């Protein structure tokens, strides 16, 4: 089963989000990681752009954190989620993709309790790994260099991981009190100037991890200290004591990264298949009508770029490895298809029981579907 994300065309136009919508689809096409929500197919209807995505029935971390565990998660659970998120970011960064919007509501749980990064609407591909500029993200989770409108790179994602780990342990964001009503300008001032505070909920390893990730100077931030490939930031994370050392007090154990990458570890929490992990089953706003917006020929031409389908990367890899389509580009001298691809049987191959001898070579599609012809 899959989840269907529908983007209403009129709403997209009203919010001037055409480029963002197409950008999300194009980035999703490049991703193949068990720690990032995957795109199975994309198409358009008369009224909407549709993304067929990985189904995540376990809800998001924000719901679990603020409705089921309002005091924060135990550190062992935080370690598991942080490790899987690190692997997700490693894959994105290896593809030269900057995520830019890490927060609890963008981390989804599947049926078994594994997490994936979702909603890549604000992600961007870094051409030649060159830093970019742009105030993009969510207030309270944006790195200081974004808030100050400076040029930035992959370090802003590691800042987001720091905010996320802090919030999972403390039960609130690092620069805003729980349910505090504060202006955007004040939150951004705190991000630029204030030092986050740590309660006794944090072990020493968790405290040093968050301090390293929430360093206001990106060159000294954990995940940014190694000079090399973009994905090396994750390697720096993996060797931090929070992931490599056990703690009998918190129940934390060293992370076996190879097993985690292979999905062989049991998550610390498994969602109840009978439960609905959402505050509201129906979001009334998504069914509201957008008035005063008309779609013209230029809009339809732009949206047609969305209607390109999508062949999953695992399926492509399987076809390449099995060489199933090796003969598709082979033509006979006279320009006709090779015998394997013709629907009519060769002259020397007559039905069973005729006494004729087959050429012993089953057709391409017969081999593909393992059917006897």
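Residue numbers (UniProt numbering): 1 to 373.
All C-beta atoms in this analysis are idealised placements derived from N, C-alpha and C, irrespective of residue type, glycine included.
Since we're looking at a predicted model, the values are computed, not measured.
Since residue 60 contacts residue 108 with CB under 8 Å, what's their CB separation in whole angstroms?
5 Å
Inspect the beta-carbon positions of residue 170 and residue 72 and report whether they are closer than 9 Å.
Taking 9 Å as the Cβ cut-off, residue 170 and residue 72 qualify as a contacting pair.
Can you name the start and end residues of the beta strand (DSSP E) that residue 31 belongs to?
Neither: residue 31 is in no beta strand (DSSP E) and is coded neither H nor E.
To which residues of the same chain is residue 305 closer than 8 Å at the C-beta, ignoring the five residues directly before and after it?
22
When DSSP labels each residue in this structure, what does residue 12 get in the three-state scheme?
helix
Would you call the region 145-159 and the region 79-99 touching, i.e. three or more CB-CB distances under 8 Å?
Taking 8 Å as the limit for Cβ pairs, the verdict is that the region 79-99 does touch the region 145-159.
So within the region 70-100, which uninterrupted alpha helix (DSSP H) runs reach at least 4 residues, ignoring any that extend past its ends?
75-94
To the nearest angstrom, how far is it from the Cα of residue 118 to the Cα of residue 97?
13 Å
Compare the Cα-Cα distances from residue 56 to each of 191, 68, 141 and 36 and report the closest residue.
When only C-alpha atoms are compared, the closest one is 36.
In three-state DSSP terms, what is residue 125?
strand
Within the same chain, show all residues whose beta-carbon is closer than 6 Å to that of residue 30, passing over the 5 residues directly before and after it, in chain order.
95
Using the C-alpha atoms, what's the distance from residue 303 back to residue 5?
15 Å
Per DSSP, which one or two residues make a beta bridge with residue 52?
4 and 41
By the three-class DSSP mapping on this structure, what secondary structure does residue 19 have?
helix
Looking at residue 162 and residue 120, is the spacing between their C-beta atoms short of 9 Å?
No, they are not a contact pair.
Is the Cβ-Cβ distance between residue 141 and residue 164 less than 9 Å?
yes
Report the rounded CA-to-CA distance for residue 166 versus residue 203, giving the unit in angstroms.
12 Å
Can you tell me the Cα-Cα spacing of residue 101 and residue 122, whole angstroms?
7 Å
What does the Cβ neighbour count give for residue 79, buried or exposed, with the cut at 16 atoms within 10 Å?
buried
CB-CB under 6 Å to residue 216, same chain, minus the five flanking residues each way: which ones, in chain order?
144
Find out if the Cβ-Cβ distance for the pair residue 439, residue 176 is shorter than 9 Å.
A query on residue 439 cannot be resolved here, the shown segment of the chain reaching from 1 to 373 and no further.
What is the rounded straight-line gap between the Cα of residue 375 and the Cα of residue 133?
Only positions 1 to 373 of the chain appear in the structure, and residue 375 is not among them; the question remains open.
By a C-beta neighbour count over all protein chains shown, 10 Å radius and 16 as the cutoff for buried, is residue 129 buried or exposed?
exposed
Looking at residue 225 and residue 214, is the spacing between their C-beta atoms short of 9 Å?
Contact flag unset, no.
Under the rule that 16 or more other beta-carbon atoms within 10 Å means buried, what is residue 13, buried or exposed?
buried
Rounded to whole angstroms, what is the Cα-Cα separation between residue 188 and residue 179?
Straight-line Cα distance between these residues: approximately 17 Å.
What residue range does the beta strand (DSSP E) around residue 108 cover?
That run of the beta strand (DSSP E) goes 107-109.
Please confirm whether residue 138 and residue 103 have their CB atoms less than 9 Å apart.
Yes, the pair counts as a contact, with Cβ atoms nearer than the cut-off.
In chain order, what residues of the same chain lie with their CB nearer than 6 Å to the CB of residue 99, ignoring the 5 residues before and after it?
92, 123 and 157
Starting from residue 152, follow its DSSP beta bridges and name the residues at the other end.
Bridge partners of residue 152: 132.
Where residue 234 and residue 34 are concerned, what is the direct C-alpha to C-alpha distance, given to the nearest angstrom?
16 Å
Look at the Cβ atom of residue 113, then the Cβ atom of residue 268, and state whether they are nearer than 9 Å.
yes
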